[in-house]
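Trainee: Mapping the sequence shown onto the UniProt record's numbering, position 22 (from 1) lands on 22, and the numbers just tick up by one.
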Amino acid sequence: MMWVDEQQQQQQQRSSSSSSSSSSSSSNIVLPGDPLHVGDGFLLGLNTYIDNGVARASVCGVVQTVNRLVYVRPLKSRYEANVGDVVVGYLWISVPTVVAGSAGDSVSSPQQQQQQQQQRQQQQQQQQQQQQSVPYHLRRQLAMARNIANCLACRGLRISIDRIDYLMKTATDIKLEPDMLLHKQHAERLMAALARANVL
(Lines of atoms letter the chains of each structure in order from A and count residues from 1; the text may use other names and numbers.)
(Lines give C-alpha, C1' and ligand atoms only; values in the text may rest on other atoms or scores of the structure.)
Protein backbone atom coordinates (compact mmCIF):
# COMPACT_ATOMS: atom_id res chain seq x y z
CA MET A 1 0.00 0.00 0.00
CA MET A 2 2.77 2.36 0.90
CA TRP A 3 4.73 1.39 -2.22
CA VAL A 4 1.75 2.25 -4.43
CA ASP A 5 1.46 5.67 -2.81
CA GLU A 6 5.14 6.37 -3.47
CA GLN A 7 4.73 5.28 -7.07
CA GLN A 8 1.73 7.59 -7.52
CA GLN A 9 3.68 10.48 -6.01
CA GLN A 10 6.57 9.87 -8.39
CA GLN A 11 4.18 9.82 -11.37
CA GLN A 12 2.57 13.06 -10.20
CA GLN A 13 6.00 14.67 -9.82
CA ARG A 14 6.99 13.53 -13.31
CA SER A 15 3.75 14.83 -14.84
CA SER A 16 4.06 18.15 -13.02
CA SER A 17 7.70 18.53 -14.08
CA SER A 18 6.87 17.68 -17.71
CA SER A 19 3.92 20.10 -17.72
CA SER A 20 6.09 22.83 -16.20
CA SER A 21 8.81 22.22 -18.81
CA SER A 22 6.29 22.27 -21.65
CA SER A 23 4.68 25.43 -20.30
CA SER A 24 8.07 27.07 -19.92
CA SER A 25 8.98 26.17 -23.50
CA SER A 26 5.63 27.44 -24.80
CA SER A 27 5.93 30.73 -22.90
CA ASN A 28 9.53 31.35 -23.99
CA ILE A 29 9.22 34.50 -26.12
CA VAL A 30 12.24 35.48 -28.19
CA LEU A 31 13.17 38.47 -30.33
CA PRO A 32 14.92 38.31 -33.71
CA GLY A 33 18.55 37.36 -33.14
CA ASP A 34 18.00 35.95 -29.63
CA PRO A 35 19.79 32.65 -29.00
CA LEU A 36 17.69 29.52 -28.69
CA HIS A 37 18.83 27.34 -25.81
CA VAL A 38 18.46 23.88 -27.29
CA GLY A 39 20.35 20.74 -26.45
CA ASP A 40 22.28 18.40 -28.70
CA GLY A 41 20.37 16.37 -31.28
CA PHE A 42 17.60 18.92 -31.83
CA LEU A 43 16.59 19.93 -35.34
CA LEU A 44 15.93 23.57 -36.18
CA GLY A 45 12.65 24.37 -37.92
CA LEU A 46 10.91 27.47 -39.22
CA ASN A 47 12.08 30.96 -38.30
CA THR A 48 15.45 29.80 -36.98
CA TYR A 49 19.01 30.07 -38.23
CA ILE A 50 22.54 29.29 -37.07
CA ASP A 51 25.03 32.11 -36.45
CA ASN A 52 28.57 31.11 -35.44
CA GLY A 53 27.34 27.76 -34.18
CA VAL A 54 24.54 29.29 -32.09
CA ALA A 55 20.89 28.67 -32.94
CA ARG A 56 19.00 31.96 -33.15
CA ALA A 57 15.44 33.13 -33.82
CA SER A 58 14.79 35.06 -37.01
CA VAL A 59 11.42 36.49 -35.90
CA CYS A 60 9.73 37.65 -32.73
CA GLY A 61 7.71 34.74 -31.45
CA VAL A 62 7.29 31.80 -29.12
CA VAL A 63 9.73 28.89 -29.06
CA GLN A 64 7.91 25.63 -29.74
CA THR A 65 9.27 22.09 -29.42
CA VAL A 66 7.73 19.10 -31.15
CA ASN A 67 9.58 15.87 -30.41
CA ARG A 68 13.15 16.78 -31.47
CA LEU A 69 12.16 19.76 -33.63
CA VAL A 70 12.54 23.34 -32.37
CA TYR A 71 10.88 26.21 -34.23
CA VAL A 72 9.62 29.73 -33.50
CA ARG A 73 5.92 30.47 -33.93
CA PRO A 74 5.71 34.17 -34.88
CA LEU A 75 3.49 36.47 -32.86
CA LYS A 76 0.70 38.20 -34.76
CA SER A 77 1.35 41.91 -34.87
CA ARG A 78 -1.45 43.02 -37.20
CA TYR A 79 -5.20 42.84 -36.99
CA GLU A 80 -6.83 40.26 -39.23
CA ALA A 81 -10.21 41.50 -40.37
CA ASN A 82 -13.25 39.23 -40.49
CA VAL A 83 -16.56 39.69 -42.28
CA GLY A 84 -18.84 41.96 -40.27
CA ASP A 85 -16.10 43.73 -38.30
CA VAL A 86 -16.50 47.48 -37.94
CA VAL A 87 -13.14 49.23 -38.10
CA VAL A 88 -12.77 52.94 -37.38
CA GLY A 89 -9.67 54.62 -38.72
CA TYR A 90 -7.80 55.67 -41.82
CA LEU A 91 -6.60 53.53 -44.68
CA TRP A 92 -3.35 54.72 -46.24
CA ILE A 93 -2.20 53.19 -49.51
CA SER A 94 1.21 54.20 -50.81
CA VAL A 95 2.27 52.85 -54.18
CA PRO A 96 5.85 53.75 -55.11
CA THR A 97 6.47 54.51 -58.75
CA VAL A 98 9.75 53.59 -60.36
CA VAL A 99 11.47 56.05 -62.64
CA ALA A 100 12.69 54.04 -65.60
CA GLY A 101 15.63 54.91 -67.76
CA SER A 102 18.32 55.42 -65.14
CA ALA A 103 20.98 52.86 -64.33
CA GLY A 104 19.87 52.67 -60.69
CA ASP A 105 16.07 52.84 -60.77
CA SER A 106 14.80 54.81 -57.81
CA VAL A 107 11.42 55.52 -56.29
CA SER A 108 10.17 58.96 -57.28
CA SER A 109 9.03 61.45 -54.67
CA PRO A 110 5.55 63.03 -54.67
CA GLN A 111 7.03 66.23 -56.11
CA GLN A 112 8.52 64.30 -59.04
CA GLN A 113 5.18 62.56 -59.57
CA GLN A 114 3.41 65.93 -59.70
CA GLN A 115 5.97 67.25 -62.18
CA GLN A 116 5.51 64.16 -64.36
CA GLN A 117 1.72 64.58 -64.27
CA GLN A 118 2.03 68.25 -65.21
CA GLN A 119 4.32 67.36 -68.11
CA ARG A 120 1.83 64.74 -69.33
CA GLN A 121 -1.02 67.25 -69.09
CA GLN A 122 0.99 69.84 -71.00
CA GLN A 123 1.78 67.30 -73.74
CA GLN A 124 -1.89 66.35 -73.99
CA GLN A 125 -2.90 70.01 -74.21
CA GLN A 126 -0.32 70.63 -76.94
CA GLN A 127 -1.58 67.63 -78.90
CA GLN A 128 -5.17 68.85 -78.56
CA GLN A 129 -4.19 72.34 -79.73
CA GLN A 130 -2.34 70.89 -82.70
CA GLN A 131 -5.31 68.71 -83.58
CA GLN A 132 -7.70 71.66 -83.37
CA SER A 133 -5.50 73.74 -85.67
CA VAL A 134 -5.66 71.01 -88.33
CA PRO A 135 -8.81 70.74 -90.51
CA TYR A 136 -11.22 67.94 -89.63
CA HIS A 137 -10.55 65.66 -92.63
CA LEU A 138 -6.78 65.90 -92.05
CA ARG A 139 -7.28 65.41 -88.30
CA ARG A 140 -9.11 62.15 -88.97
CA GLN A 141 -6.34 61.06 -91.30
CA LEU A 142 -3.62 61.89 -88.74
CA ALA A 143 -5.52 60.04 -85.98
CA MET A 144 -5.79 56.99 -88.21
CA ALA A 145 -2.08 57.22 -89.04
CA ARG A 146 -1.25 57.49 -85.32
CA ASN A 147 -3.38 54.45 -84.52
CA ILE A 148 -1.76 52.42 -87.27
CA ALA A 149 1.72 53.42 -86.06
CA ASN A 150 0.82 52.38 -82.50
CA CYS A 151 -0.56 49.02 -83.65
CA LEU A 152 2.53 48.36 -85.72
CA ALA A 153 4.83 49.39 -82.86
CA CYS A 154 3.11 46.80 -80.65
CA ARG A 155 3.96 44.16 -83.26
CA GLY A 156 7.60 45.22 -83.31
CA LEU A 157 7.35 47.31 -86.47
CA ARG A 158 8.77 50.81 -86.61
CA ILE A 159 7.33 53.16 -89.22
CA SER A 160 6.84 56.90 -88.78
CA ILE A 161 3.45 58.58 -88.63
CA ASP A 162 4.57 60.91 -91.41
CA ARG A 163 5.31 57.94 -93.67
CA ILE A 164 1.91 56.37 -92.99
CA ASP A 165 0.29 59.77 -93.53
CA TYR A 166 2.11 60.07 -96.85
CA LEU A 167 0.94 56.60 -97.85
CA MET A 168 -2.62 57.55 -96.95
CA LYS A 169 -2.43 60.67 -99.13
CA THR A 170 -0.91 58.89 -102.13
CA ALA A 171 -2.61 56.56 -104.55
CA THR A 172 -4.05 53.34 -103.18
CA ASP A 173 -2.03 51.16 -105.54
CA ILE A 174 1.28 52.10 -103.86
CA LYS A 175 3.08 49.16 -102.30
CA LEU A 176 5.45 49.24 -99.35
CA GLU A 177 9.02 48.16 -99.88
CA PRO A 178 10.47 45.77 -97.28
CA ASP A 179 13.62 47.88 -96.82
CA MET A 180 11.47 50.56 -95.14
CA LEU A 181 10.98 48.22 -92.21
CA LEU A 182 13.26 47.20 -89.40
CA HIS A 183 11.84 43.69 -89.56
CA LYS A 184 11.43 42.51 -93.14
CA GLN A 185 9.47 39.41 -92.15
CA HIS A 186 6.63 41.66 -90.92
CA ALA A 187 6.17 43.41 -94.27
CA GLU A 188 3.11 41.31 -95.11
CA ARG A 189 1.52 42.02 -91.73
CA LEU A 190 2.10 45.74 -92.22
CA MET A 191 0.59 45.57 -95.69
CA ALA A 192 -2.46 43.74 -94.32
CA ALA A 193 -2.90 46.24 -91.47
CA LEU A 194 -2.67 49.18 -93.83
CA ALA A 195 -5.05 47.48 -96.24
CA ARG A 196 -7.61 46.91 -93.44
CA ALA A 197 -7.34 50.60 -92.56
CA ASN A 198 -8.02 51.49 -96.24
CA VAL A 199 -4.53 52.97 -96.56
CA LEU A 200 -3.37 50.71 -99.41
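For each residue, glycine too, the CB sits at the ideal point set by N, CA and C. All figures in this text were calculated on a predicted structure; none of them were measured in a lab.
Would you give the residue range spanned by the beta strand (DSSP E) that V59 belongs to?
Mentor: Neither: V59 is in no beta strand (DSSP E) and is coded neither H nor E.
Trainee: In whole angstroms, what is the alpha-carbon distance linking L43 and L69?
Mentor: Distance between the alpha carbons of L43 and L69 is about 5 Å.
Trainee: Just checking my contact of D34 with R56 at CB under 8 Å: how many whole Å lie between their CB atoms?
Mentor: The Cβ separation is near 6 Å, so the contact holds.
Trainee: What span of residues does the beta strand (DSSP E) with L69 cover, start to end?
Mentor: Unbroken beta strand (DSSP E) run through L69: L69 to P74.
Trainee: Give me, in chain order, the residues of the same chain whose beta-carbon lies closer than 7 Å to that of Y71; leave out the 5 immediate sequence neighbours on both sides.
Mentor: Excluding residues within five positions, the ones whose Cβ falls inside 7 Å are G45, L46, N47, T48 and Q64.
Trainee: Can we count I29 as close to the ligand PLP, meaning its CB is less than 8 Å from some heavy atom?
Mentor: Absence of the ligand PLP from the depicted structure is noted, as is the absence of any ligand whatsoever, leaving it without description.
Trainee: Cα separation between D124 and Q112?
Mentor: Here the sequence assigns Gln to residue 124, which means Asp is not the residue at that position. Using only the alpha carbons, I get a separation of about 18 Å.
Trainee: If you follow the beta strand (DSSP E) that D51 is part of, which residue opens it and which one closes it?
Mentor: Counting along the chain, the beta strand (DSSP E) containing D51 begins and ends at T48 to D51.
Trainee: Contact check, G61 vs L75 under 8 Å by CB: the rounded distance?
Mentor: Indeed, because the Cβ distance is near 5 Å, the residues count as touching under 8 Å.
Trainee: In the structure shown, what three-state DSSP assignment does P32 receive?
Mentor: Here P32 sits in coil by DSSP.
Trainee: Count the other CB atoms within 10 Å of the CB of V83; is the residue buried (16 or more) or exposed (fewer)?
Mentor: Label assigned to V83: exposed.
Trainee: Alpha carbon to alpha carbon, how far is Q115 from V66? Give it in angstroms, no decimals.
Mentor: Their backbone Cα atoms lie some 57 Å apart in a straight line.
Trainee: So, at 7 Å on beta carbons, what are the nonlocal neighbours of V59 in its own chain, with the 5 sequence-adjacent residues on each side left out?
Mentor: Once the five neighbours on either side are set aside, the close Cβ partners of V59 are P32, N47, V72 and P74.
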